[in-house]
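As numbered in the numbering used here, residues 105 to 291 make up the sequence shown, in order. Here a beta-carbon is modelled for each residue, glycine too, at the ideal position from N, C-alpha and C.
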Amino acid sequence: GQVIIDVVKCSGPELAKFDNRRLNLELVKQELAEAVLFGPKNPKESEQVLNISDCVWGKSLVLQRGFYRPLTNTHVDVLQKGTEQLKRDLATKKKPAPETLSILEINNEFGIDIDDFIHRLEIITGLGFHLLVSNFKYHYEIKRFLRQYTQAPLAIVISARHLEDIFAPEKYKNLEGGIHEALGKLL
105 GQVIIDVVKC
115 SGPELAKFDN
125 RRLNLELVKQ
135 ELAEAVLFGP
145 KNPKESEQVL
155 NISDCVWGKS
165 LVLQRGFYRP
175 LTNTHVDVLQ
185 KGTEQLKRDL
195 ATKKKPAPET
205 LSILEINNEF
215 GIDIDDFIHR
225 LEIITGLGFH
235 LLVSNFKYHY
245 EIKRFLRQYT
255 QAPLAIVISA
265 RHLEDIFAPE
275 KYKNLEGGIH
285 EALGKLL
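Written out as structure tokens, the structure reads:
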């Protein structure tokens, strides 16, 4: 068996020396957590580590994957345009649209240097974005994970480089159905 931990939060005077961000990044690094969600910096709240299910339950999601070394205006613009497009698409439906949450995601594909991730986390959340750090190598894995928490519309905005990766058959040799199975899981 395997244990998966959603989130660890330490509070109180005796545990004040622990940085919850570092603890949770370590969970992803050690593969004890599939993903950890950090919320935007808010001067009224000291806690940035969020419980994923509480934050995304029933919401529409716009997700952009990347390394964000550094986070550029293009990253921000693409995420905002994707969010606007999803909201327009939802507005054309007859039923009320759920709240939309925009998330930037960094995966653990090349390992986690905790200090480097903390630096990127501070920049991204300081600009008001949510940040998901995950162990998901493939787009369909992140979709499967998020579908545990919401059935509302999910949009993944991607760069041209990632689009090329999605359609690279050699990336899916581990799947019996290859690229066809991967695309089926993504849709």
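Cutoff 6 Å; reference G230; Cβ partners in own chain excluding five residues on either side | Against the sequence shown, residue 230 aligns to sequence position 126. Once the five neighbours on either side are set aside, the close Cβ partners of G230 are K145.
What is the rounded straight-line gap between the Cα of C159 and the Cα of Q255?
-> Taking the first residue of the sequence shown as position 1, residue 159 is located at position 55. Taking the first residue of the sequence shown as position 1, residue 255 is located at position 151. Between C159 and Q255, the C-alpha separation is close to 14 Å.
Please determine if the stretch 182 to 191 and the stretch 268 to 280 are in contact, where contact requires at least 3 C-beta pairs separated by less than 8 Å.
-> no
Hey, could you find the ends of the beta strand (DSSP E) F142 is sitting in?
-> For this step, residue 142 is matched to residue 38 along the sequence shown. Run containing F142: 139 to 142, per the beta strand (DSSP E) assignment.
Use the C-beta contact count for A139: other C-beta atoms within 10 angstroms, 16 or more gives buried, fewer gives exposed.
-> Counting from 1 along the sequence shown, the entry for residue 139 is found at position 35. With 16 or more Cβ atoms within 10 Å of its Cβ, A139 is classed as buried.
Taking DSSP as the reference, what is the three-state secondary structure of T254?
-> Residue 254 sits at position 150 when you count from the first residue of the sequence shown. Residue state, collapsed to three classes: coil.
Give a yes or no on whether the C-beta atoms belonging to L205 and F142 are separated by under 7 Å.
-> By one-based count along the sequence shown, residue 205 stands at place 101. By one-based count along the sequence shown, residue 142 stands at place 38. Result no, Cβ atoms of L205 and F142 do not sit closer than 7 Å.
Close beta carbons around L190, own chain, < 7 Å, minus the five adjacent residues each side | In the sequence shown, the residue the question calls residue 190 occupies position 86. Correct list, in chain order: S164, V166, T204, P257, A259.
If we count the other Cβ atoms within 10 Å of its Cβ and call it buried at 16 or more, is F171 buried or exposed?
-> Position 67 of the sequence shown holds residue 171. Answer is exposed; the Cβ neighbour count stays below 16.
Under the rule that 16 or more other beta-carbon atoms within 10 Å means buried, what is E135, buried or exposed?
-> Translated into positions along the sequence shown, residue 135 becomes position 31. Exposed, by the Cβ-count rule.
Just reading off the beta strand (DSSP E) that N128 is part of, what are its end residues?
-> Taking the sequence shown and counting its residues from 1, one reaches residue 128 at position 24. Segment 124 to 133 is the alpha helix (DSSP H) holding N128; no beta strand (DSSP E) there.
Which one or two residues does DSSP pair with S238 in a beta bridge?
-> As a working note, residue 238 is residue 134 in the sequence shown. Partner(s): A139, N211.
In three-state terms, what does DSSP make of L154?
-> If you number the sequence shown from 1, residue 154 lands on position 50. Of the three classes helix, strand and coil, the one that applies to L154 here is strand, per DSSP.
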